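According to my numbering, the sequence shown is numbered sequentially starting from 3. Structure, as structure tokens:
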Amino acid sequence: MAKEIKTIAVLTSGGDAPGMNAAIRAVVRTGIARGLKVKGIRKGYQGLLNEDIIDLEARDVSDIIQRGGTILGTARCLEFKQAEGQKKGADICRKHGIDGIVVIGGDGSYRGAQALSRNGINTIGLPGTIDLDIACTEYTIGFDTAVNTAMQAIDRVKDTSSSHERCSIIEVMGRDAGYIALWCGIANGAEDILLPEKYDYDEQRIINNIIENRKKGKSHHIIINAEGIGHSVSMARRIEAATGIETRATILGYMQRGGSPSAMDRYYASIMGAYAVDIMLKGMTNRVVGYKKGEFVDYDIEEALNMTKSINEYQYEVSKIL
Ligand code: ADP
Ligand code: F6P
3 MAKEIKTIAV LTSGGDAPGM NAAIRAVVRT GIARGLKVKG IRKGYQGLLN EDIIDLEARD
63 VSDIIQRGGT ILGTARCLEF KQAEGQKKGA DICRKHGIDG IVVIGGDGSY RGAQALSRNG
123 INTIGLPGTI DLDIACTEYT IGFDTAVNTA MQAIDRVKDT SSSHERCSII EVMGRDAGYI
183 ALWCGIANGA EDILLPEKYD YDEQRIINNI IENRKKGKSH HIIINAEGIG HSVSMARRIE
243 AATGIETRAT ILGYMQRGGS PSAMDRYYAS IMGAYAVDIM LKGMTNRVVG YKKGEFVDYD
303 IEEALNMTKS INEYQYEVSK IL
């Protein structure tokens with residue numbers, strides 16, 4: 003029979019995302035409500051290896067739901083990618099009496115959770131990333147806030163771009179995934195949207211589009227470029243040279259990752275945090291929580307990591323029409 007779970011821990015790993023604090027708070031308070039001891043591991047897997055572990059009470063997570071970032075800190079830890087580091091992590095869990103860990107992060111962090119599970123520690127993953135690029139879920143903690151932050155910033159850039167009759171290339175986050183770019187492209191009414199999954203590097207087509215639009219009397223031309231394509235500054239120079247229209251690049255960067263989480267991120271992250279504790283108490287391990295078709299669901303980590311996700315063709319087509 004599986005060992006009874008008395009003490010759980012929570013950590014955040016990979017890129018921070020708004021709503022991670024809501025998830026931490028929910029893990030802590032649900033754990034305590036279910037009679038568990040709860041610990042926080044600071045700075046992701048690096049903190050685990052450094053035994054940077056603190057006790058958490060319900061009051062320790064007061065006044066954090068509205069805060070961006072993660073109160074536990076996060077890190078990227080190469081040592082944890084090695085079998086030796088993973089075994090050491092599991093041994094440290096046992097030393098501190100930790101029976102299970104809730105890992106909040108992206109799919110890299112899930113692999114770490116999977117490794118801990120293989121080493122005998124119960125693990126549940128929560129999807130924490132602004133990129134929305136986790137295949138097993140339609141929602142990831144932080145995406146809603148990040149996309150709203152980017153959308154508001156792009157509205158502002160559009161105002162000044164129209165006033166000066168300029169072309170603007172606005173770079174949003176997403177190294178491998180174009181979800182923020184696609185959503186902003188539609189929500190901001192951009193003229194061109196460049197997604198890592200779709201871009202064919204046909205810059206001449208964009209140039210022709212800009213010239214056509216200018217002939218039709220459009221005062222601005224907004225290009226949303228995803229980080230994965232990058233090179234926005236040099237692209238702006240080439241477009242300006244080819245069109246004769248002043249072209250500026252704006253890279254939104256980390257402003258998209260910080261900031262107070264939206265209601266959606268606070269709410270979903272809270273439910274997911276509680277859900278993680280409750281499925282762990284049912285004896286589940288090596289699972290990740292997701293949101294699909296209006297329901298909170300969970301999958302085996304292996305199964306989740308083998309799922310694939312791509313930009314919805316219909317939504318992409320619509321973005322081009324609009
Ligand atoms: P994310 O979780 O946002 O995808 P990363 O890919 O950077 O971010 O992963 C976060 C951390 O998870 C890494 O720094 C590392 O400690 C751990 N990790 C990533 N990949 C693996 C792996 N294959 N095995 C074990 N741990 C991993
Ligand atoms: O995964 C979130 C994200 O912000 C990506 O959009 C981006 O490519 C990456 O993290 C950047 O990470 P770093 O913190 O290493 O700059």
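Here a beta-carbon is modelled for each residue, glycine too, at the ideal position from N, C-alpha and C. The structure presented is a predicted model; accordingly, all values stated were derived computationally and were not measured.
Going by DSSP, what residues sit across from residue 223 in a beta bridge?
169
Can you tell which of 222, 210, 228 has the C-alpha that lies nearest to the C-alpha of residue 182?
228
Cα-Cα separation between residue 171 and residue 109, rounded to whole angstroms
29 Å
So what's residue 231 in DSSP terms, helix, strand or just coil?
coil
Could I get the ranges of all uninterrupted alpha helix (DSSP H) runs contained in the stretch 110 to 194, with 4 residues as the minimum, in chain order?
145 to 165, 181 to 189
Just the Cα atoms here: how many angstroms apart are residue 321 and residue 266?
Take the alpha-carbon of residue 321 and the one of residue 266: they are about 24 Å apart.
Buried or exposed, going by whether 16 or more other CB atoms sit within 10 Å of the CB of residue 63?
buried
Does DSSP put residue 66 in a helix, a strand or coil?
Here residue 66 carries a coil assignment [DSSP, helix/strand/coil].
Just confirm the distance between the C-beta atoms of residue 187 and residue 199, as a whole number of angstroms; I'd bet it's less than 8 Å.
In fact, because the Cβ distance is near 13 Å, the residues do not count as touching under 8 Å.
Buried or exposed: where does residue 166 fall if 16 or more other Cβ atoms within 10 Å of its Cβ makes it buried?
exposed
Helix, strand or coil at residue 271 [DSSP, three-state]:
Assignment of residue 271 by DSSP, reduced to helix, strand and coil, places it in the helix class.
Spell out the partners DSSP gives residue 298 in its beta bridges.
293
Quick check: is any heavy atom of the ligand F6P less than 7 Å from the C-beta of residue 132?
Checking every heavy atom of the ligand F6P against the Cβ of residue 132, one is found closer than 7 Å.
Are residue 72 and residue 121 touching if we call contact CB-CB under 8 Å?
no
Just verifying my parser: in three-state terms, what is the DSSP assignment at residue 284?
Looking at residue 284 - three-state DSSP - the assignment turns out to be coil, as it is neither helix nor strand.
Whole angstroms are fine: how far does the CA of residue 197 sit from the CA of residue 315?
12 Å
What residue range does the alpha helix (DSSP H) around residue 87 cover?
85 to 97
Rounded to the nearest angstrom, what separates residue 211 and residue 102 at their Cα positions?
The straight-line gap from Cα to Cα measures roughly 55 Å.
Straight-line Cα distance separating residue 246 from residue 299:
53 Å
Taking just the CA atoms, how far does residue 46 sit from residue 99?
Rounded to the nearest angstrom, the two C-alpha atoms are 18 Å apart.
Which of the three DSSP states is assigned to residue 78 in this structure?
coil
My output table needs one value for residue 14: the three-state DSSP class, helix, strand or coil.
Correct three-state label for residue 14: strand.
Please list, in chain order, all residues of the same chain as residue 309 whose beta carbon is under 7 Å from its beta carbon, the five residues on each side excluded.
137, 138
Please state if the CB of residue 140 and the CB of residue 294 are separated by a distance shorter than 8 Å.
yes
Nearest-angstrom Cβ-Cβ length linking residue 132 and residue 317, presumed shorter than 8 Å:
Residue 132 to residue 317, Cβ: 19 Å. No contact.
In terms of alpha-carbon separation, which member of 251, 86, 304, 184 lies closest to residue 150?
184
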